[in-house]
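The numbers in the UniProt record's numbering rise by one with no breaks, and the one at position 85 of the sequence shown is 85. Where is the CB? At the ideal position from N, CA and C, for every residue including glycine. For reference, the structure is listed below as C-alpha cells.
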Amino acid sequence: NKGRVEGGSQLAASWPRPPAYRYEILDLNSKAGNCIPLADIRMGTWVHDIECHPGQGAKLARAAGTYAKIIKEPAPQCLVRLPSGVEKLIDSRCRATIGIVSNPNHGARKLRKAGQSRWLGRRPIVRGVAMNPVDHPHGGGEGRTKGGRPSVSPWGKPTKAGFRAVVGSLLLHGDEDLIEQIEERAKRGSSKDKATYGTKRKSHF
Numbered sequence: 001n002k003g004r005v006e007g008g009s010q011l012a013a014s015w016p017r018p019p020a021y022r023y024e025i026l027d028l029n030s031k032a033g034n035c036i037p038l039a040d041i042r043m044g045t046w047v048h049d050i051e052c053h054p055g056q057g058a059k060l061a062r063a064a065g066t067y068a069k070i071i072k073e074p075a076p077q078c079l080v081r082l083p084s085g086v087e088k089l090i091d092s093r094c095r096a097t098i099g100i101v102s103n104p105n106h107g108a109r110k111l112r113k114a115g116q117s118r119w120l121g122r123r124p125i126v127r128g129v130a131m132n133p134v135d136h137p138h139g140g141g142e143g144r145t146k147g148g149r150p151s152v153s154p155w156g157k158p159t160k161a162g163f164r165a166v167v168g169s170l171l172l173h174g175d176e177d178l179i180e181q182i183e184e185r186a187k188r189g190s191s192k193d194k195a196t197y198g199t200k201r202k203s204h205f
C-alpha cells in the first residue's frame with residue numbers, strides 16, 4: 001500500500017506492537033511514517049525506504065515487512081544494517097522513513113493452486129535434465145541422466161560460478177566496498193594456500 005504525499009507516493013509504514021519491540025527513546029522524530037534525513041534519526045531506530053544518494057529516491061528496504069536498523073550514531077556517513085544483514089555506509093543527508101514496511105505477513109500467504117502462481121507471473125521451474133536436447137544443454141539421453149557436463153544455463157553459460165557470480169552481482173548493484181572486502185579475503189586465502197602448499201612434503205610409498 002502507498003500513501004499519497006506531495007510530489008509522489010510513499011510506502012505505508014507500520015510499527016510493531018509491544019512486547020515485540022520496545023522503543024526506549026521517544027521524541028517527535030520517532031513517529032512511524034516520518035521521512036527525515038538519517039542525520040536526525042537516533043541509533044537503534046528501525047527505518048525503511050532508504051535513499052542511497054541524497055535526492056535520488058528510496059532504493060533500500062522497500063519490500064513488505066522489511067526494515068533496516070541504524071547501528072551507529074549518525075556522522076557524515078551513517079552505518080545501516082540492511083535486511084540482508086549487510087552493513088552499509090550511507091550519506092547522512094539521505095532520507096529514510098521511520099518504522100517497518102506494512103503488510104509483514106505478505107510472505108506467509110499460501111497459494112492454493114498452481115494457477116495463482118501463474119496469475120502472479122511465475123512460470124513453472126523445469127529441470128534441464130528433464131528437457132529434450134533441443135531445449136536445454138542438459139536434456140536428452142536414455143533414462144535418467146545427470147546432465148553429463150558442469151551446470152550451465154539454457155544458453156550454455158556456466159552457472160554456480162561461486163566467487164565470479166558473487167562479484168558480478170555486486171558489480172551490478174554497485175557495492176564497491178563489498179567487492180574490495182571479498183577480493184582481500186580471496187587474496188588472503190590464496191596466500192595461505194601457497195604457504196601451506198610449500199610446507200608439504202612428498203610422501204613416497
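- Inside the UniProt region "Disordered" (130-159), DSSP marks no whole alpha helix (DSSP H) run of 4 or more residues.
- In the assembly as shown, Glu-51 is a buried residue. Its beta-carbon has 16 or more other beta-carbons within 10 Å.
- His-48 has Thr-97 as its beta-bridge partners, per DSSP.
- For Tyr-67, the CB contacts under 8 Å within the same chain, skipping 5 residues up- and downstream, are Trp-46, Val-47, His-48, Ala-61, Pro-83, Gly-99, Ile-100, Val-101 in chain order.
- Per DSSP, Ala-63 lies in no beta strand (DSSP E) segment and is marked neither H nor E.
- Assignment of beta-bridge partners to Lys-88 by DSSP yields Val-80.
- For Leu-11, the closest of Ile-125, Arg-123, Glu-73, Gly-65 by C-alpha to C-alpha distance is Gly-65.
- For Pro-37, the enclosing beta strand (DSSP E) begins and ends at 35-37.
- Secondary structure of Ala-58 (DSSP, three-state): strand.
- By the criterion of a C-beta distance shorter than 6 Å, Met-43 is surrounded in its chain by Ile-70, Glu-73, once the five residues flanking it on both sides are discounted.
- The residue from Ala-63, Arg-122, Arg-144 with its alpha-carbon nearest to that of Asn-105 is Ala-63.
- Contact between Arg-93 and Glu-87 fails: their C-beta atoms lie close to 19 Å from each other, not under 8 Å.
- Check the Cα spacing between Asn-132 and each of Arg-123, Arg-122, Arg-144: the tightest is with Arg-144.
- Here Ala-58 has Asp-49, Ile-50, Glu-51 as same chain residues with Cβ atoms under 7 Å from its own Cβ, once five neighbours each way along the sequence are excluded.
- Taking the Cβ atoms as the reference, Gly-148 lies roughly 12 Å from His-136, outside the contact range of under 8 Å.
- By the neighbour-count criterion, in which 16 or more other beta carbons inside 10 Å mark a residue as buried, Arg-112 falls on the exposed side.
- Under DSSP, Ile-70 takes part in a beta bridge, and its partners are Val-80.
- Between the beta-carbon of Ala-32 and that of Ala-13 there is about 5 Å, and that keeps the pair under the 8 Å contact cut.
- For Arg-118, the enclosing alpha helix (DSSP H) starts and ends at 114-119.
- Annotated three-state conformation of His-53 is coil, per DSSP.
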